[in-house]
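Residue numbers (this note's numbering), protein chains in the order written: chain A, 1 to 260; chain B, 1001 to 1126; chain C, 2001 to 2161; chain D, 3001 to 3599. Presented below is the structure to which this report refers.
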Ligand SMILES: Cc1cc2nc3c(=O)[nH]c(=O)nc-3n(C[C@H](O)[C@H](O)[C@H](O)COP(=O)(O)OP(=O)(O)OC[C@H]3O[C@@H](n4cnc5c(N)ncnc54)[C@H](O)[C@@H]3O)c2cc1C
Ligand code: HEM
Ligand code: SF4
Ligand code: F3S
Ligand code: FES
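Structure representation (structure tokens):
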């Protein structure tokens, strides 16, 4: 890690295609957005929008264009616009994605692109769902470091391997794409859901933490890990590439080996 | 929550559809098992009764049904082993997709073999 | 910081808004390891069932004349042998318990009202108990050589009268 | 209208807000009001690192860090504040580690450190490894860790509550020198509940502003859509000055055309900037530390390369960030996210191809003026009792005219903590101030005006034009002409803003309405920035005037303070027309004399 990096010569030949590039292509897209506004009606509707978009545009850009130029009442959450804040998980062409990470050119633009709210959480308006139940499950797994030893004056030591052990699950941005893609969560919303388990995993396997047992106990519940049916929807949906099902399996193993 | 119109179907991938299959086959087998235990119990009632009911199984339609049932059992069994591998094998989650394809290939092979044998026996008659 | 008492689970009312839709409020957690054991049982029984069921299917449907061979005599012949008695008994129990637990999960998943859920489970458990008892009795009390109307049914495995 | 009563109300749940909440929540009854769910805050987007002179991998000390901070800020830094920050940095990092932050580790298991622009050993001798990091997700880890600890300490959040007004009362007071003046005192805040569309008044003994930056005044920016400078705008409208608003940092390496940030950590790990001729051009501009020069210098060098025709691409409008000589495994270990951004958004494979980059609006050095206890200043020497500010919304000023990379994550932790403690301690001694009559009247008016207006102007159109003119005229290079152009444009935008209408008239989740309100803040802040920039006839740090390319310590070694003043004398000056009164505030010096800034 500490080895000096190679210093390249100060001038290199650039590949030809980097210099050129050509025009940015534009194309027309047809978005079908699932609308719902309880102030107006209990029924939801599909609204169709046609917009012209460009090369690197994402579904979020298309939604913005619609909101800013066609219909200002189209409502959705968003903030960072590059896949790190977790605001804009929604169902695009039937699958959970972040709108800001889904490039239009990667979708089949010859057909309408459907955009719906994520499933399993109460819809509040258009693409906005109530996230409270989701965060409640998160809070219930005690997602914070608990260390019973006395505080060292400097940092706690942790080997690079121990740090690596839970690296994957530290990446979670709590976007709910996983939990709301889980067929078990859809049924009654009682299942803790993959995101909560991922965040429990992050601490259970942190060598500095002393409360793994408590978290395992919490997840050894009728609504806990045992409800997972390994459908892998969560893993496929996770915009951070977290191996969610793997993490759940590891938690199951941890409970088993503790009990037996 | 909005009522109509319903949203689209979630476009899950292999994992989700294999689970749907596993669940359906599980229930199908379960109900068959209930009936199967009942009909087998007839041996206790009387040999004639049993033989009569079993005789009813021995027609082409039932033969197809049986093939379907065996198809369900074989899929459920192989996929069940895949699920167990995902749960207990370190690399199971990573290779779940490959394992599913293996399950399906095995399933086809077994079912082709079984169907040929079973249907020729069942339909061939004496 | 270490002085903070940590209650678990975190109470929703105290943190954040308490706007959690009622249908999502978690009912009291379960105690004990039932769900874990059920999960484990599904996997263990699954592995054993593969052997039992495939053996059963092979012998009944594929060997010899296949399904045509099945009649009273066939069954009677098998159960005259304690090996097959144990085999079928294990299969009966494991499959029934495995299947029942599977269906229980499904009921838990899809029954929306508590009352519906309760009723469905009662029916399920009743059916399971009935079937398991019935099946067990049949296997154990089965007489491969019944005397029907004073006539000994044919069967090479029956002792000469 | 609903009224809530809390000892401490914190506005914003980014790094600064939650760091404050962890302290204040354990000492006093605290509520955190935030327009986003806490974990959506833009602190989570920060990538590269948070610096502290831990000396875990190389010799280092906090005094060198202080010096670098001051020099990096082109000596416009308040040196007492820089000392506090550099000294408390070490504990700030250790605090986070103890709270559970998963830092990258050295082989000995200590917190690993990497290089970052402008951080040097022994007063500029060579780059030093000072930035503590967790891959290129340091901000994400900080935000998550702080949120986790808020959950641990049962902090009360009001999520998706937009604060739209600050409530103060004025009372007679006497300065230290005996002159009487009108002192403001905090009474609370007014907020808008996004879900229901209702107004909630929060009465509080102390209020902490931690509402983040204002990057959305520019078009190309690394900032989130939600960073619309609300906190600065609210304070400004309520008579609190804004300090050093002309200084806005342009980060050198935004993805070309998109503005999405590629952390300086890339260059810290060895990446190199090249022009269309493949030349490592930073060798010409900063011979000693080359690509690791402070951001203002690198950004200007890049813009200059493009201006002189050595840009790349079809329009020759960007340069390249070259990582191809780094080991892919090293890139994956240290820079996984930003390389994924390049792949996802530009379709460029950083292992084998250089990545197109161009400066992107990144960080507001200026903001609500505070002292080192995070108390908000009402003017140069008096504070507003009960009002605190920390984070990007505030100006302490530790960043002076140019912030060093990794100093902001540090700033939010050090001054967030200070603000939280100070606010809670103040609340213990103070009484509630009576709310003004009709506390929500102003906000109601503001909203009703927008909601009921039946004009024809569109919010999005005005915002886009504002951002375009800011990008064209207020970016890396500025002149009196371009700045005057911006002011002319803003005047017309403001006039049009009076005639906007929103399509969504409902109460639930009316983001249409709030975007209109946010545009109001953006216009106000853009104006302040430009007026202050016009006044500063010198070049310093992030502010570069082509018509005044030299630093002028004689006339401008001082902070600028902008007050909203509708009744400014009608002398025809730009600021009078803009309704702004400009003043100055002296810079605090302790030990470091201004020197020429060379790298
Ligand atoms: C892409 C990127 C990378 C960066 N990388 C680094 C780095 O490597 N190192 C470094 O030191 N710095 C970095 N920075 C800078 C640093 O991340 C920010 O300056 C810092 O995180 C700001 O934190 P904050 O708490 O002040 O504000 P934020 O995190 O922006 O939080 C603002 C909060 O205020 C709330 N809020 C805003 N308006 C209102 C309102 N009206 N009512 C209620 N709530 C409101 C929001 O909901 C949010 O919770 C980076 C910045 C960006 C954009
Ligand atoms: C042949 C060998 C079998 C194997 C290897 C096997 C394996 C499994 C496994 C591992 C599961 C758990 C799935 C999960 O948790 O997601 C399962 C579920 C189930 N099994 Fe089996 N099983 C077998 C036979 C049977 C039989 C004979 C029945 C019927 C009586 C049955 C009915 C069910 C049912 C109803 C479920 C629940 C499905 C669900 O929850 O989605 N299985 N099986
Ligand atoms: S695990 Fe992935 S999908 Fe689930 S909440 Fe976290 S980031 Fe989102
Ligand atoms: S989608 Fe659900 S069933 Fe398990 S594998 Fe993921 S939690
Ligand atoms: S807007 Fe932040 S994740 Fe998409």
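Cβ atoms here follow ideal geometry from the backbone N, Cα and C, with glycine treated the same way. Note that the coordinates shown come from a computational prediction; the quantities given were computed from them, not determined experimentally.
Residue i to residue j span [Cα, whole Å]
{"i": "residue 3386 of chain D", "j": "residue 3411 of chain D", "result": "21 angstroms"}
{"i": "residue 3485 of chain D", "j": "residue 153 of chain A", "result": "56 angstroms"}
{"i": "residue 1098 of chain B", "j": "residue 233 of chain A", "result": "16 angstroms"}
{"i": "residue 1096 of chain B", "j": "residue 1021 of chain B", "result": "15 angstroms"}
{"i": "residue 3118 of chain D", "j": "residue 3046 of chain D", "result": "18 angstroms"}
{"i": "residue 148 of chain A", "j": "residue 3541 of chain D", "result": "47 angstroms"}
{"i": "residue 1035 of chain B", "j": "residue 2032 of chain C", "result": "34 angstroms"}
{"i": "residue 1111 of chain B", "j": "residue 1105 of chain B", "result": "10 angstroms"}
{"i": "residue 261 of chain A", "j": "residue 3221 of chain D", "result": "Lying outside 1 to 260, the shown extent of chain A, residue 261 of chain A is not represented and no answer is given."}
{"i": "residue 3024 of chain D", "j": "residue 196 of chain A", "result": "27 angstroms"}
{"i": "residue 2082 of chain C", "j": "residue 2089 of chain C", "result": "10 angstroms"}
{"i": "residue 213 of chain A", "j": "residue 257 of chain A", "result": "12 angstroms"}
{"i": "residue 3317 of chain D", "j": "residue 3359 of chain D", "result": "11 angstroms"}
{"i": "residue 3496 of chain D", "j": "residue 3576 of chain D", "result": "20 angstroms"}
{"i": "residue 3617 of chain D", "j": "residue 3203 of chain D", "result": "There is no way to answer for residue 3617 of chain D, as the model of chain D reaches only from 3001 to 3599."}
{"i": "residue 3370 of chain D", "j": "residue 3190 of chain D", "result": "22 angstroms"}
{"i": "residue 3161 of chain D", "j": "residue 3193 of chain D", "result": "5 angstroms"}
{"i": "residue 2106 of chain C", "j": "residue 122 of chain A", "result": "23 angstroms"}
{"i": "residue 211 of chain A", "j": "residue 3459 of chain D", "result": "51 angstroms"}
{"i": "residue 3167 of chain D", "j": "residue 3439 of chain D", "result": "7 angstroms"}
Whole-number beta carbon distance between residue j and residue i, since they are thought to touch under 8 angstroms
{"i": "residue 3508 of chain D", "j": "residue 3195 of chain D", "result": "7 angstroms"}
{"i": "residue 56 of chain A", "j": "residue 3258 of chain D", "result": "7 angstroms"}
{"i": "residue 3131 of chain D", "j": "residue 3268 of chain D", "result": "7 angstroms"}
{"i": "residue 69 of chain A", "j": "residue 3098 of chain D", "result": "Not really, about 50 angstroms apart at Cβ, beyond 8 angstroms."}
{"i": "residue 3396 of chain D", "j": "residue 3415 of chain D", "result": "6 angstroms"}
{"i": "residue 3404 of chain D", "j": "residue 3139 of chain D", "result": "With a Cβ gap of about 16 angstroms, residue 3404 of chain D and residue 3139 of chain D do not count as contacting."}
DSSP state of residue i mapped onto helix, strand, coil
{"i": "residue 3126 of chain D", "result": "strand"}
{"i": "residue 177 of chain A", "result": "coil"}
{"i": "residue 228 of chain A", "result": "coil"}
{"i": "residue 89 of chain A", "result": "strand"}
{"i": "residue 45 of chain A", "result": "strand"}
{"i": "residue 3225 of chain D", "result": "coil"}
{"i": "residue 3392 of chain D", "result": "coil"}
{"i": "residue 69 of chain A", "result": "helix"}
{"i": "residue 59 of chain A", "result": "helix"}
{"i": "residue 1096 of chain B", "result": "helix"}
Closer than 7 angstroms: residue i CB and nearest ligand 7 heavy atom
{"i": "residue 3257 of chain D", "result": "In the structure on display, ligand 7 does not appear, and the ligands it does have are ligand 1, ligand 2, ligand 3, ligand 4 and ligand 5."}
Residue range of the unbroken alpha helix (DSSP H) whose run includes residue i
{"i": "residue 3093 of chain D", "result": "3079-3099"}
{"i": "residue 3106 of chain D", "result": "Counting along the chain, residue 3106 of chain D falls outside any alpha helix (DSSP H), and DSSP gives it neither H nor E."}
{"i": "residue 258 of chain A", "result": "244-259"}
{"i": "residue 2116 of chain C", "result": "2114-2141"}
{"i": "residue 2099 of chain C", "result": "2082-2110"}
{"i": "residue 1041 of chain B", "result": "1014-1045"}
First and last residue of the uninterrupted beta strand (DSSP E) at residue i
{"i": "residue 3113 of chain D", "result": "3113-3121"}
{"i": "residue 3529 of chain D", "result": "Looking at the DSSP string, residue 3529 of chain D is not in any beta strand (DSSP E); the run it does join, the alpha helix (DSSP H), is 3511-3535."}
{"i": "residue 3466 of chain D", "result": "Looking at the DSSP string, residue 3466 of chain D is not in any beta strand (DSSP E); the run it does join, the alpha helix (DSSP H), is 3459-3473."}
Taking 8 angstroms as the cut-off, does the region 2034-2047 of chain C touch the region 2098-2109 of chain C (at least 3 CB pairs, one atom from each stretch)? yes
Hey, is the region 3226-3237 of chain D in contact with the region 3334-3344 of chain D, meaning 3+ C-beta pairs nearer than 8 angstroms? no
Below 8 angstroms, can you find three or more Cβ-Cβ pairs linking the region 3007-3019 of chain D to the region 3207-3217 of chain D? yes
Does the region 3522-3538 of chain D come close enough to the region 3483-3500 of chain D to have 3 or more Cβ pairs within less than 8 angstroms? yes
Do the region 3168-3183 of chain D and the region 3417-3427 of chain D make contact, defined as three or more Cβ pairs closer than 8 angstroms? no
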